[in-house]
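Only one structure is covered here, and it is reproduced in the block below.
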Amino acid sequence: DAGVIQSPRHEVTEMGQEVTLRCKPISGHDYLFWYRQTMMQGLELLVYFNNKAVMDDSGMPKDRFSAKMPNASFSTLKIQPSEPRDSAVYFCASSLGGSSGEQYFGPGTRLTVT
Amino acid sequence: GQSLEQPSEVTAVEGAIVQINCTYQTSGFYGLSWYQQHDGGAPTFLSYNGLDGLEETGRFSSFLSRSDSYGYLLLQELQMKDSASYFCAVRPNTGFQKLVFGTGTRLLVSP
Chain Z
522 DAGVIQSPRH EVTEMGQEVT LRCKPISGHD YLFWYRQTMM QGLELLVYFN
572 NKAVMDDSGM PKDRFSAKMP NASFSTLKIQ PSEPRDSAVY FCASSLGGSS
622 GEQYFGPGTR LTVT
Chain B
11 GQSLEQPSEV TAVEGAIVQI NCTYQTSGFY GLSWYQQHDG GAPTFLSYNG
61 LDGLEETGRF SSFLSRSDSY GYLLLQELQM KDSASYFCAV RPNTGFQKLV
111 FGTGTRLLVS P
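So the protein lines, in turn, are chains Z and B.
Per our numbering, residue 522 is the first one in the first sequence, and the count goes up by one each step.
Per our numbering, residue 11 is the first one in the second sequence, and the count goes up by one each step.
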């Protein structure tokens, strides 16, 4: 299995621009998670889906962030307009669910907003 | 809500045993997990405690005591490759598959 796939791996953009991050979960996993990691805030859950439906987006700044999962094998996280404080590593993870809730993380997208 | 506190950094030498603690305040949760993250890498799952007690997986063990609001990860026979950050995480019982991560502990293993 290829694991969770994320693109791009690195993104540098200017403040005010739109940024779209992409994720392909592991086939058969019903849960998909978007996290943001910074030195100051640590690993924060932004949003997660179950069978393509949003289950919890309480961690996502909704004025500029949006997340979609149009099908079981693809999700996007969009930031519009981007700001320097959005600079972080964004991870996508997927899971089968179950008792341990083990999550499989993608390699991450390092976003830099100048 | 949930908050999980960990020491920011722990140092040890190769071959030693190290314990990374996780103390939490939570209104309720299903279990405690541990993840490892190497610099520049992604978090990877290490272990899960759904019940109180010790879970052993090779050189790594994890412990949970709900009555003490406390858990730990024990790493034995430390190797250089164990240098990484370690995160505890809980699954709140308000969001079945959601994980809330601790502050993370950076482990430095020296020769």
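C-beta atoms are modelled at their ideal positions from N, C-alpha and C, and glycine is treated no differently.
Within a Cβ cutoff of 7 Å, which residues of the same chain sit near residue i, ignoring the five residues on either side of it in sequence?
i         : result
Asn571(Z) : Asp551 and Tyr552
Asp92(B)  : Leu85, Leu117 and Val119
Ala609(Z) : Arg557, Gln558, Thr559 and Leu632
Gln16(B)  : Ile30, Asn31, Cys32, Cys98, Gly112, Thr113, Gly114 and Thr115
Ser587(Z) : Lys599
Glu604(Z) : Met536 and Val634
Strictly below 7 Å CB to CB, what residues from chain C border residue i?
i        : result
Ala52(B) : The question asks about chain C, but that chain is absent: this structure's protein chains are Z and B.
Since residue i is in the beta strand (DSSP E), which residue starts that stretch and which ends it?
i         : result
Ala588(Z) : Phe586 to Asn592
Thr635(Z) : From DSSP, Thr635(Z) is part of no beta strand (DSSP E); its letter is neither H nor E.
Gln29(B)  : Val28 to Thr36
Gln601(Z) : Taken as a continuous stretch (DSSP letters only), Gln601(Z) belongs to no beta strand (DSSP E), as it is neither H nor E.
Ser72(B)  : Phe70 to Ser75
Thr534(Z) : His531 to Thr534
Thr67(B)  : Gly63 to Thr67
Gln12(B)  : Gln12 to Glu15
Gln562(Z) : No beta strand (DSSP E) holds Gln562(Z); DSSP gives it neither H nor E.
Pro617(Z) : The residue you asked about is not Pro; residue 617(Z) is Leu in the sequence shown. Element bounds for Leu617(Z): n/a, residue is neither H nor E.
Ala52(B)  : First-last for Ala52(B): undefined, no H or E at that position.
Val23(B)  : Glu19 to Val23
Val100(B) : Ala94 to Pro102
Ser43(B)  : Phe39 to Gln47
Val119(B) : Thr115 to Ser120
Leu84(B)  : Tyr80 to Leu85
Ser528(Z) : Ile526 to Ser528
Gln624(Z) : Gln624 to Phe626
Looking at the structure shown, is residue i part of a helix, part of a strand, or coil, going by DSSP?
i         : result
Asp578(Z) : coil
Arg606(Z) : helix
Lys108(B) : coil
Lys545(Z) : strand
Lys573(Z) : coil
Can you tell me which of the options puts its alpha carbon nearest to the alpha carbon of residue i?
i         : options                                       : result
Tyr82(B)  : Leu42(B), Leu109(B) and Thr104(B)             : Leu42(B)
Thr597(Z) : Thr534(Z), Gly524(Z), Cys544(Z) and Met536(Z) : Cys544(Z)
Ser528(Z) : Lys583(Z), Phe595(Z) and Asp584(Z)            : Phe595(Z)
Ala574(Z) : Gly563(Z), Ala593(Z) and Phe612(Z)            : Ala593(Z)
Thr36(B)  : Ala94(B), Tyr96(B), His48(B) and Asp78(B)     : Asp78(B)
Pro628(Z) : Tyr40(B), Ala94(B), Tyr96(B) and Gly51(B)     : Gly51(B)
Asp584(Z) : Phe612(Z), Glu532(Z) and Asp607(Z)            : Asp607(Z)
Glu65(B)  : Ile526(Z), Tyr625(Z), Ser621(Z) and Phe626(Z) : Ser621(Z)
If you drop the 5 nearest sequence neighbours on each side, which residues of the same chain put their C-beta closer than 6 Å to that of residue i?
i         : result
Met581(Z) : Leu567 and Val568
Trp44(B)  : Leu56, Ser57, Ser72, Leu83 and Cys98
Met90(B)  : Val119
Ser75(B)  : Asp62
Glu19(B)  : Arg116
Glu565(Z) : Arg557 and Gly580
Ser95(B)  : Gln47, Gly114 and Arg116
Pro53(B)  : Tyr45 and Gln47
Which residues in the same chain as residue i place their Cβ atom closer than 8 Å to its Cβ, once the five residues preceding and following it in sequence are excluded?
i         : result
Gly549(Z) : Leu617
Glu24(B)  : Leu88, Gln89, Met90, Val119, Ser120 and Pro121
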